[in-house]
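Asks: Sequences listed follow chains X and D, in order.
Residue numbering for the first sequence follows my numbering, starting at 1 and increasing by one per position.
Residue numbering for the second sequence follows my numbering, starting at 1001 and increasing by one per position.
For each residue, glycine too, the CB sits at the ideal point set by N, CA and C.
A quick note: this is a predicted structure, and the numbers were derived from the prediction, not measured.
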Amino acid sequence: MKLKVLPPTLRKNNHYLTLDIKSVSPISKDELVSIVWDNCVRFQGECNTSNFNLWVMRFYEMEKTDEYFHYKSILRCQRDFAEDVRSSLALVNKYNSKNISITTIGLSGTIKSSEKYI
Amino acid sequence: MFFDLNIKGGSLENNIKLATQASEYGWEHINFSYNQKDFQDALQFKDDLKDNLAGIDFDYTLEIRSTNIDEIRKNVNKFRDKALCISVVGGDLKVNRAVLENVKIDALSRPYFKRYDSGINHILAKEAVYNNVAIELCFKDVLRTYLAPRAKVISNFRDIYTLFRKFDFPLILSSGAESVFDIKTTHDFISVFKQTGLTDAEIDKSFKTAGDILEYNKNRSNLIFRGVRRVDDEA
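(1) Determine the DSSP secondary structure at Tyr60 (chain X), reduced to helix, strand or coil.
(2) Got a sec: which bits of the region 1156-1184 of chain D sit with their beta carbon under 9 Å from any beta carbon on chain X, in order along the chain?
(3) Does the distance from the C-beta atom of Thr1209 (chain D) to that of Ala1134 (chain D) stay below 7 Å?
(4) Can you tell me the Cβ-Cβ gap for Ile1105 (chain D) and Val1129 (chain D), rounded? I've got them flagged as a contact below 8 Å.
(5) Determine whether the Cβ of Val1153 (chain D) lies closer than 7 Å to any Cβ atom of chain X.
(6) Do three or more CB pairs link the region 65-80 of chain X to the region 12-27 of chain X at distances below 8 Å?
(7) How would you label Gly1009 (chain D), buried or exposed, when you count the other beta carbons within 10 angstroms and need 16 or more for buried?
(8) Find the residues of chain D that neighbour Thr49 (chain X), judging by a C-beta separation of less than 9 Å, and give them in chain order.
(9) Using a cut-off of 8 Å between C-beta atoms, extract the partners of Ser87 (chain X) located in chain C.
(10) Need the endpoints of the beta strand (DSSP E) that Val24 (chain X) sits in, please.
(11) Mind checking which residues open and close the beta strand (DSSP E) that includes Lys72 (chain X)?
(12) Are the Cβ atoms of Thr9 (chain X) and Ile74 (chain X) separated by less than 7 Å?
(13) Would you verify that the beta carbon of Leu75 (chain X) is, or is not, closer than 7 Å to some beta carbon of chain D?
(14) What three-state label does DSSP hand Ala1216 (chain D) in the structure shown?
(15) Rounded to a whole number of angstroms, what is the C-alpha to C-alpha distance between Lys29 (chain X) and Phe59 (chain X)?
(16) So which residues on chain X does Val1142 (chain D) lean against when the C-beta distance must stay under 8 Å?
(17) So Leu91 (chain X) is in the beta strand (DSSP E); what residue range does that whole segment cover?
(18) List the residues of chain D whose Cβ lies closer than 8 Å to the Cβ of Thr104 (chain X), in chain order.
(19) Buried or exposed: Val1103 (chain D), going by 16 or more other Cβ atoms within 10 Å of its Cβ?
(20) Between Glu83 (chain X) and chain D, is the shortest Cβ-Cβ distance under 7 Å, so that the two count as touching?
(21) In terms of DSSP beta bridges, what is Phe1193 (chain D) paired with?
(22) Within the continuous beta strand (DSSP E) that includes Asp1059 (chain D), where are the two ends?
(23) If we count the other Cβ atoms within 10 Å of its Cβ and call it buried at 16 or more, is Pro1170 (chain D) buried or exposed?
(24) Let me check understanding here. Comparing Cα to Cα, which of D:Ile1056, D:Ser1175, D:Ala1083 lies closest to Glu1063 (chain D)?
(25) Between X:Leu6, X:Ser50, X:Ser101, which lies nearest to Ile35 (chain X) when the distance is taken from Cα to Cα?
(26) Return the residue from the list D:Lys1184, D:Asp1117, D:Glu1024, D:Val1088 that minimises the CA-CA distance to Tyr1033 (chain D).
(27) By the DSSP assignment, the beta strand (DSSP E) with Asn1031 (chain D) in it spans what residues?
(28) Quick test of your reading: Gly1197 (chain D) and Cys1138 (chain D), contact by CB under 8 Å. State the CB separation rounded to the nearest angstrom.
(29) When DSSP labels each residue in this structure, what does Leu3 (chain X) get in the three-state scheme?
(30) How far does the alpha helix (DSSP H) with Ser1155 (chain D) in it extend, from its first residue to its last?
(31) Taking 8 Å as the threshold, find out whether the region 1214-1229 of chain D comes into contact with the region 90-110 of chain X through three or more Cβ pairs.
(32) Straight-line CA distance for Lys72 (chain X) to Val56 (chain X)?
(33) Roughly how many whole angstroms lie between the Cα atoms of Ala1098 (chain D) and Gly1091 (chain D)?
(34) At which residues does the alpha helix (DSSP H) containing Ala1098 (chain D) begin and terminate?
(35) Which residues in chain D have a C-beta closer than 9 Å to the C-beta of Glu31 (chain X)? List them in chain order.
(36) Beta-carbon within less than 7 Å of Gln1044 (chain D)'s beta-carbon, same chain only, minus the 5 sequence neighbours each way: which residues are those?
Structure, rendered in structure tokens:
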């Protein structure tokens, strides 16, 4: 049996971060999920990361350049912890010993409005 | 305004690439840093770089890397008129002290470099205030390390913040970016430093300090000695 959906006042408030991702090697959405979680846990710790309510909502492949594969993504996080998440992701440096860079280019209250940064 | 006084300079094409990326991410002024050996060569393509860049201001920083105090002094005297900002990479206690005592130097970069402590104490902090030498913290040092070394770098940052709050020496924050992978949006850059313990006001002040250094050095040729400047005001 499925749980009944919480009333709006009891739901968590979310914010959506638009991420700009540059990677030397190609990455998939699943790999991005593990990168996001690993780096949040590493920088903020397990207890703090439990507040973040992270979920990769969208994953877009952009045009490839000579130097890197370019992706954009929309990441859900809890409203009061957006700063913590974006600082954790800004410190992503390597994935599988290859250079990777993640930076937040937009912060919105809805998925639709965060899509304008794509 | 968002200033970054330390982006590692390279060839003309590489500089254009870095500046374009920095501009997209919200930076308004960047300084390409070159060491004492490459600085003269870099000056030759400065005009070409100016022609190719729009939407972002740029200039050059001379980043002196040496543990020899005499060599540092000679290089500072040699390049003072040519460089808008001169920084010296610290880490060695003698270098840290000599730099903070030299009024001709603008910034001591990374005083904690390859050290187990912050490289700054209350005496050096007072010297920094007296000689108006900024202390520069590099985002790259947090980005490129992980686990225990990253924790130690952040700990060193915190020690410097404590002294900064007490003595109020000029503090500047820079990215130290070497490639497009190291350049982050201004908001990300700020949020990392906020996580390490700086407040919004302190971060704003550090950007203002960086702007002030550039402004001060534009008028340095008119400076006769401290507090006395030649002005061209007919009124």
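Replies: Inspection of the coordinates gives the following:
(1) Taken through DSSP and simplified to helix, strand or coil, Tyr60 (chain X) comes out as strand.
(2) Ser1179, Val1180, Phe1181, Asp1182, Ile1183, Lys1184
(3) For the 7 Å CB-CB criterion, Thr1209 (chain D) and Ala1134 (chain D) form a contact.
(4) About 14 Å; that fails the 8 Å criterion.
(5) At a cut-off of 7 Å between C-beta atoms, Val1153 (chain D) does not count as an interface residue with respect to chain X.
(6) yes
(7) buried
(8) Neighbours of Thr49 (chain X) on chain D: none; closest Cβ ~13 Å, over 9 Å.
(9) The question asks about chain C, but that chain is absent: this structure's protein chains are X and D.
(10) Secondary structure note for Val24 (chain X): it is in no beta strand (DSSP E), with a DSSP letter that is neither H nor E.
(11) 69-78
(12) no
(13) no
(14) Per the sequence shown, the amino acid found at residue 1216 (chain D) is Tyr instead of Ala. In the structure shown, Tyr1216 (chain D) sits in a helix (DSSP, three-state: H, G or I).
(15) 6 Å
(16) By Cβ distance, chain X contributes Leu91.
(17) Neither: Leu91 (chain X) is in no beta strand (DSSP E) and is coded neither H nor E.
(18) Thr1185, His1187, Asp1188
(19) exposed
(20) yes
(21) Phe1193 (chain D) pairs with nothing; no bridge assigned.
(22) 1057-1064
(23) So Pro1170 (chain D) ends up on the buried side.
(24) D:Ala1083
(25) X:Ser101
(26) In the sequence on display, residue 1033 (chain D) carries Ser and not Tyr. The candidate whose alpha carbon is nearest that of Ser1033 (chain D) is D:Val1088.
(27) 1029-1034
(28) Gly1197 (chain D) to Cys1138 (chain D), Cβ: 16 Å. No contact.
(29) coil
(30) Counted as a single uninterrupted DSSP element, the alpha helix (DSSP H) harbouring Ser1155 (chain D) occupies residues 1148-1167.
(31) Verdict: no, contact absent.
(32) 11 Å
(33) 12 Å
(34) 1093-1100
(35) By Cβ distance, chain D contributes nothing, its closest Cβ being about 17 Å from Glu31 (chain X), past 9 Å.
(36) none
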